[in-house]
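>
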Amino acid sequence: MAAEAAVGQHRRHLDGAAAWAVPPHVTVLYPFVEPASARRPETLDAIRETVRAMPAFDCSFAETSWFGEDVLWLAPDPAQPFRNLTTGIVRAFPEHPPYAGAHEDSVPHLTVGERRLADLPTLRRAEQQVSAHLPVRARIDTVLLIEGAAAPRSWRVVQEFPLAP
Numbered sequence: 319m320a321a322e323a324a325v326g327q328h329r330r331h332l333d334g335a336a337a338w339a340v341p342p343h344v345t346v347l348y349p350f351v352e353p354a355s356a357r358r359p360e361t362l363d364a365i366r367e368t369v370r371a372m373p374a375f376d377c378s379f380a381e382t383s384w385f386g387e388d389v390l391w392l393a394p395d396p397a398q399p400f401r402n403l404t405t406g407i408v409r410a411f412p413e414h415p416p417y418a419g420a421h422e423d424s425v426p427h428l429t430v431g432e433r434r435l436a437d438l439p440t441l442r443r444a445e446q447q448v449s450a451h452l453p454v455r456a457r458i459d460t461v462l463l464i465e466g467a468a469a470p471r472s473w474r475v476v477q478e479f480p481l482a483p
């Protein structure tokens with residue numbers, strides 16, 4: 319994703335997922351099926367059918383935002399296509415609500431840093447530095463299914479699913 323140049327150096331220190339080898343991304347659905355189930359043909363087919371029914375789109379990450387003072391993130395514009403992807407995948411896998419149902423609304427975002435890894439002044443400095451590299455523009459034409467563990471460099475792409483042209 320084009321955001322690596324703007325957020326990469328900050329994510330490496332401020333976002334735990336970066337240490338797991340998760341690239342800058344906007345999550346469609348997490349947590350998802352167990353790794354053994356992720357590779358089943360019926361799982362892959364359901365994702366493929368859902369994703370290819372949705373059109374590819376352009377988006378911009380032009381501003382930062384916060385979840386309280388705990389998570390610094392980039393806001394995608396438009397956000398609705400990401401919401402549509404999440405809604406479609408949840409419809410196909412209703413037993414897996416976003417973030418295990420912990421939040422009433424799933425807000426599309428690209429995480430830059432988390433308070434559990436840095437103090438607030440450090441995150442505020444990162445916000446200023448990242449803001450100097452915005453906007454980031456991206457063509458969203460693929461959804462990646464990735465899997466891994468909470469361990470360094472453990473996440474891998476299982477499959478790529480193209481959106482409709």
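Going by the working numbering, the first residue of the sequence shown is number 319, and it counts up by one from there.
Cβ atoms here follow ideal geometry from the backbone N, Cα and C, with glycine treated the same way.
All values derive from a computational prediction rather than experimental measurement.
1) Hey, is the stretch 416-430 in contact with the stretch 337-354, meaning 3+ C-beta pairs nearer than 8 Å?
2) Only counting the same chain, and skipping five residues up and downstream in sequence, which positions put a Cβ closer than 6 Å to that of Ala436?
3) In this structure, does DSSP put Pro412 in helix, strand or coil?
4) Quick one: any contact between the stretch 467-477 and the stretch 450-459, if contact means 3 or more CB pairs under 8 Å?
5) Quick one, which of Asp423, Pro399, Ala380 has its alpha-carbon nearest Pro373's?
6) Going along the chain, which residues of its own chain have a beta-carbon closer than 7 Å to the beta-carbon of Val448, five neighbours each way excluded?
7) Given a threshold of 16 other Cβ atoms within 10 Å of its Cβ, counted over all protein chains shown, does Thr404 qualify as buried or as exposed?
8) Since Ser383 is in the beta strand (DSSP E), which residue starts that stretch and which ends it?
9) Whole alpha helix (DSSP H) runs in the stretch 423-482 with 4 or more residues, listed along the chain?
10) So which of Arg401, Ala321, Leu362, Arg330 has the shortest CA-CA distance to Phe379?
11) Could you check which residue in Val461, Arg443, Asp423, Leu428 has the C-alpha nearest to that of Pro395?
12) Quick one: using the 10 Å Cβ neighbour count with 16 as the cut-off for buried, is Leu438 buried or exposed?
13) Let me check understanding here. Comparing Cα to Cα, which of Ile458, Ala397, Val389, Glu360 lies closest to Ala410?
14) In whole angstroms, give me the CA-to-CA distance for Pro480 and Ile407.
15) Please check the pair Leu441 and Arg433, which I expect to be a contact at CB under 8 Å, by giving their CB distance rounded to whole angstroms.
16) Classify Ala336: buried if its beta carbon has 16 or more other beta carbons within 10 angstroms, exposed otherwise.
Answer, in terms of the structure:
1) Under the three-pair Cβ rule at 8 Å, the stretch 416-430 counts as touching the stretch 337-354.
2) Leu332
3) Assignment of Pro412 by DSSP, reduced to helix, strand and coil, places it in the coil class.
4) Look at the beta carbons and you see the stretch 467-477 not touching the stretch 450-459: under three pairs across the two are nearer than 8 Å.
5) Pro399
6) Ala324, Val325, His328, Thr382, Val430
7) By the 10 Å Cβ count, Thr404 comes out buried.
8) Where Ser383 is concerned, the enclosing beta strand (DSSP E) stretches over 375-385.
9) 438-449
10) Of all alpha-carbon atoms in Arg401, Ala321, Leu362, Arg330, the one lying nearest the alpha-carbon of Phe379 is that of Ala321.
11) Note that residue 395 corresponds to Asp in the displayed sequence, not to Pro. Closest option to Asp395, Cα to Cα, is Leu428.
12) exposed
13) Glu360
14) 14 Å
15) 7 Å
16) buried
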